[in-house]
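If you're matching them up, the sequences are chains A and B in order. For the first sequence, counting from 1, position 41 maps to 43 in our numbering; every step adds exactly one. For the second sequence, counting from 1, position 257 maps to 259 in our numbering; every step adds exactly one. Glycine residues also receive a C-beta, built at the ideal position from the N, C-alpha and C atoms. Since we're looking at a predicted model, the values are computed, not measured. Take a look at the structure below.
Protein chains: 2
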Amino acid sequence: MIEPYTQLSLHRWMLLDEVRNEAYRKAIVAAVKPGDVVLDMGAGTGILSIFAAQAGARKVYAVERTGIAAVARKMVARNGLADRIEIIEGNLEDIDLPEKVDVLMSEWMGGLGVDENMLAPFVMARNRWLKPTGKILPERVTAFLAPVWMRFFDDDLNHWRKTPHGVDMNVIAEITAHEPLMTQHPIGPEDILSTPQQMWSHDAYTCSLQEADRSFQTKLSFVAERSGKLSNVATWFEATFFESALLSTAPDAPQTHWGRFVFPLDRAVDVEKGTRIDVEFHCDPSSPGSCEFFWSVKIGDLPVEKHDSRGVAREA
Amino acid sequence: MIEPYTQLSLHRWMLLDEVRNEAYRKAIVAAVKPGDVVLDMGAGTGILSIFAAQAGARKVYAVERTGIAAVARKMVARNGLADRIEIIEGNLEDIDLPEKVDVLMSEWMGGLGVDENMLAPFVMARNRWLKPTGKILPERVTAFLAPVWMRFFDDDLNHWRKTPHGVDMNVIAEITAHEPLMTQHPIGPEDILSTPQQMWSHDAYTCSLQEADRSFQTKLSFVAERSGKLSNVATWFEATFFESALLSTAPDAPQTHWGRFVFPLDRAVDVEKGTRIDVEFHCDPSSPGSCEFFWSVKIGDLPVEKHDSRGVAREA
Chain A
3 MIEPYTQLSL HRWMLLDEVR NEAYRKAIVA AVKPGDVVLD MGAGTGILSI
53 FAAQAGARKV YAVERTGIAA VARKMVARNG LADRIEIIEG NLEDIDLPEK
103 VDVLMSEWMG GLGVDENMLA PFVMARNRWL KPTGKILPER VTAFLAPVWM
153 RFFDDDLNHW RKTPHGVDMN VIAEITAHEP LMTQHPIGPE DILSTPQQMW
203 SHDAYTCSLQ EADRSFQTKL SFVAERSGKL SNVATWFEAT FFESALLSTA
253 PDAPQTHWGR FVFPLDRAVD VEKGTRIDVE FHCDPSSPGS CEFFWSVKIG
303 DLPVEKHDSR GVAREA
Chain B
3 MIEPYTQLSL HRWMLLDEVR NEAYRKAIVA AVKPGDVVLD MGAGTGILSI
53 FAAQAGARKV YAVERTGIAA VARKMVARNG LADRIEIIEG NLEDIDLPEK
103 VDVLMSEWMG GLGVDENMLA PFVMARNRWL KPTGKILPER VTAFLAPVWM
153 RFFDDDLNHW RKTPHGVDMN VIAEITAHEP LMTQHPIGPE DILSTPQQMW
203 SHDAYTCSLQ EADRSFQTKL SFVAERSGKL SNVATWFEAT FFESALLSTA
253 PDAPQTHWGR FVFPLDRAVD VEKGTRIDVE FHCDPSSPGS CEFFWSVKIG
303 DLPVEKHDSR GVAREA
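Below is the structure:
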């Protein structure tokens, strides 16, 4: 019985995220022409489908894998759009549509772009259902990474290392140091030690299934542009839309429900300006909506730190 | 792979809850004598077992149903206590101990005392494993309820009723109004419309299996002691320990990781001083660690409001 609430909690956060809603709404108003047929992939509560119907879509196929589809069905009925929006509960790979679509839209991005494992189904849906002249929202998603300082990470790890009540809690510190975290903690410009670099970028029109259906890996080399402390690497994405502005989860963009997806080091390290920081990063699909992560960081001459979310989980 | 982290997140909150830790630690120091045998039921990361070993226990049996037992095992080893604390991964009902125990301890309370469904296993463990002269921590748990005003509930429901972007989101409001919520939002003395009343109370020494293994229901009748707004009912518990102070999650007690477990009305209602407020409340076990809730509220002459967490979930 918990599941429906858990699901709604998540969707409630998304529905409250006006930066996200407005980016999609503007893009949908620009892209969807009266009479268009639209496919909404991973429709959630159906909000984007309703935007598309408001923009004049003749028909919207709203495909949703999870039980939140029942909420979408009610939302659509309550808005008097049941004749134009069809909620289809199931996997996109398994469904059959009676026609091709003018617009394929989806909010398929996790905190670092690809970590919800929806890129490959998205590409398959495009290949199968989009008209040759069809439009895609968003049209490009790019992920970025930077070495940063976030005090709360340092405070958190130090707490577990303090032997509270005479109890050795280093086990908790060690597990914490291997845990990726979605966080709303802000990252100021002074906390970014080196100019962010691109991890990967996907063009929704040209991305092949081979490019989409895989582990995502990157190796990046930074040089510290200031002296400071380094506690973790931070990742985010930018999505660009048809005739529309950016949806960005970067540290200097307006806050969204995504926050930043961050990956800790074992402990905060003092870094001198000019120090080289090498980062290797993998994001491997595990189950639907979830990835396993590997990240290694080498700071100047210090030994390489390797962090594996799987290793810890298995060990734990 | 998500599960171990989710589990640890929860346990991390508990480990950071110094009010909880200190209440148990003081009670353990007072109750556990050198040479005692202790049963820790639902041991989590093993922190209470470590306190018991620090207090001189000869042997601690730490029973934990979930995978967090692996973390407990590491914690115990790292603290050099593997010879005295035995981590047993499994259900308490299924395990067999080689001896009876001097102290039975458990942190079995959910937000309103009984909602983690651990009272019945606790009573069974007591009947089976506790020596006649044995001690129990905590010795009594009492749940309370009061009609209160919490602005965030009202703001939240009103947001969904505002037709944002021209979209009717009353479906979200309706689901939200049936959702119990654990929240850290404070409740000031001026927000409590009537003196809190006891929902139920359980003596750990005398509670029978029949009393423990059931749905928990109560009917309470309040009279508003001031005029004000009423948005929800709030629940909390008080646990008392052997020769020790209280662990309380009441609004005026120091903040804990539990916060308050609160249950919304459909919408905030203005209530005049002297108005009668009748509350009926059920907490029914569903799966391990989870309950389903029914609450109905009648304010003066207004129609009775009935809220059922199951009904919504089923409908949704």
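- In this chain, residue 200/B is not harboured by any alpha helix (DSSP H); it is covered by the beta strand (DSSP E) spanning 199-205.
- Counting only Cβ-Cβ distances below 8 Å, residue 168/A has contacts in chain B at 56, in chain order.
- Within its own chain, the residues whose Cβ lies closer than 7 Å to the Cβ of residue 185/B, once the five positions on either side in sequence are excluded, are 261, 262, 264, listed in chain order.
- With a threshold of 16 other beta carbon atoms within 10 Å, residue 118/B meets it and is buried.
- Using a 10 angstroms sphere on the CB of residue 61/B, the tally of other CB atoms reaches 16 or more, which defines it as buried.
- Residue 296/B: not part of any alpha helix (DSSP H); member of the beta strand (DSSP E) spanning 293-301, first to last residue.
- Any Cβ of chain A closer than 9 Å to the Cβ of residue 17/B would place that residue at the interface, and such an atom is present.
- For residue 64/B, the closest C-alpha among the options 210/B, 220/B, 92/B, 256/B is that of 92/B.
- Residues of chain B whose Cβ lies closer than 7 Å to the Cβ of residue 76/A are, in chain order, 173.
- Put simply, of 232/A, 276/A, 126/A, 99/A the residue whose alpha carbon is nearest the alpha carbon of residue 208/A is 126/A.
- Boundaries of the alpha helix (DSSP H) around residue 28/B: 20-33.
- With respect to residue 275/B, residue 223/B sits apart: the two C-beta atoms are not nearer than 9 Å.
- Taking C-beta atoms as the reference points, residue 251/A and residue 258/A count as a pair closer than 9 Å.
- The alpha-carbon separation between residue 45/A and residue 51/A amounts to approximately 7 Å.
- The DSSP-derived three-state label of residue 67/A is coil.
- The stretch 89-103 of chain A makes contact with the stretch 67-78 of chain A; the number of CB pairs closer than 8 Å reaches 3 or more.
- The criterion of a C-beta distance shorter than 9 Å is satisfied by residue 87/B and residue 48/B.
- Annotated three-state conformation of residue 56/B is helix, per DSSP.
- Taking a Cβ-Cβ cut-off of 9 Å, the neighbours of residue 27/B in chain A comprise 167, given in sequence order.
- The alpha-carbon separation between residue 211/B and residue 122/B amounts to approximately 6 Å.
- Taken through DSSP and simplified to helix, strand or coil, residue 241/B comes out as strand.
- Using a Cβ-Cβ cut-off of 9 Å, residue 181/A counts as an interface residue toward chain B, since at least one Cβ of chain B sits closer than that to its own.
- Counting along the chain, no alpha helix (DSSP H) covers residue 116/A, and no H or E run does either.
- In this structure, 255/B is the residue among 255/B, 169/B, 221/B, 158/B with its C-alpha nearest to the C-alpha of residue 190/B.
- The alpha-carbon of residue 305/A is positioned some 21 Å away from that of residue 182/A.
- Where residue 214/B is concerned, there is no enclosing beta strand (DSSP E), although the alpha helix (DSSP H) around it starts and stops at 211-214.
- When Cβ-Cβ separations below 9 Å define contact, residue 309/B makes no contact with chain A.
- Taking C-beta atoms as the reference points, residue 234/B and residue 150/B count as a pair closer than 9 Å.
- Remark: C-beta atoms of residue 281/B and residue 298/B approach each other more closely than 9 Å.
- For residue 161/A, at least one C-beta of chain B is nearer than 9 Å to its own C-beta.
- Non-local beta-carbon contacts of residue 312/B in its own chain, meaning distances under 6 Å to residues more than five positions away in sequence, involve 294 in chain order.
- By the beta-carbon neighbour count (other beta carbons within 10 angstroms, threshold 16), residue 85/B is exposed.
- Counting C-beta pairs closer than 8 Å gives fewer than three between the stretch 20-35 of chain B and the stretch 151-163 of chain A, which falls short of the contact rule.
- Here residue 302/B is exposed: its Cβ has fewer than 16 other Cβ atoms, across all protein chains shown, within 10 Å.
- Non-local beta-carbon contacts of residue 16/B in its own chain, meaning distances under 7 Å to residues more than five positions away in sequence, involve 22, 46, 259 in chain order.
- If you look at residue 176/B, you'll find it in the alpha helix (DSSP H) that goes 172-178.
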